[in-house]
Amino acid sequence: MDAGIGLASLIVVGALVVVAVFFRVVVTWLYNRSGHSVLVVALFHSAYNSAWGTGDHRFTGELTSGPAATLIPIGVVALAAVAVAALSRGRLAYEPERGAATERGGAGQVRALQPTP
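Residue 18 in UniProt numbering sits at position 18 of the sequence shown, with consecutive numbering throughout.
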């Protein structure tokens, strides 16, 4: 049994997990910033798939060839994720509902505050 194949697979899976985390940060920010629009997120996901997808239908495959066609979309999303996380201070444009004030109770429980009469 060749240990190199197992290590190579582990590296590929690790890289895909890192890419998925960066992608998720950008998607979460888009969803929150667009007023919870699933359409905007779906359009971004589709555009990313066409840029990074496999096969002959990649958009970046028309612009450049080789590993750069895969690395360019990944790099752009990674830079965007770092910028979004840094500029939003980790909140990713999330705004809690304004009508309900909440308070943290014991053991991490969240309960709504009752208005004082």
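Backbone N, C-alpha and C fix where the C-beta goes; we use that ideal spot for every residue, glycine too.
No experiment lies behind these values; they were computed from the predicted model shown.
Residue i versus residue j - alpha carbon distance
i: I5; j: A15; result: 15 Å
i: Y31; j: A42; result: 10 Å
i: G66; j: W29; result: 31 Å
i: F68; j: I74; result: Correcting the residue identity first, residue 68 is Ala in this sequence and not Phe. Rounded to the nearest angstrom, the two C-alpha atoms are 10 Å apart.
i: P96; j: A78; result: 26 Å
i: V21; j: A93; result: 17 Å
i: residue 159; j: V18; result: Nothing can be reported for residue 159: it is not among the residues displayed for the chain, which extend from 1 to 117.
i: A8; j: A51; result: 24 Å
i: V84; j: F44; result: 15 Å
i: L87; j: L39; result: 24 Å
i: S37; j: R89; result: 22 Å
i: S34; j: I72; result: 25 Å
For residue i, the three-state DSSP class (helix, strand or coil)
i: S50; result: helix
i: P73; result: helix
i: residue 205; result: Nothing can be reported for residue 205, as the shown portion of the chain is limited to 1 through 117.
i: G6; result: helix
i: G14; result: helix
i: L92; result: coil
From the options, residue whose alpha carbon lies closest to that of residue i
i: T70; options: V25, V17, N49; result: N49
i: R24; options: V38, W52, V40, A81; result: A81
i: A47; options: S34, V18, V27; result: V27
**Message:** For a minimum of 4 consecutive residues, which ranges assigned as the alpha helix (DSSP H) are wholly contained in the region 17 to 45?
**Reply:** none
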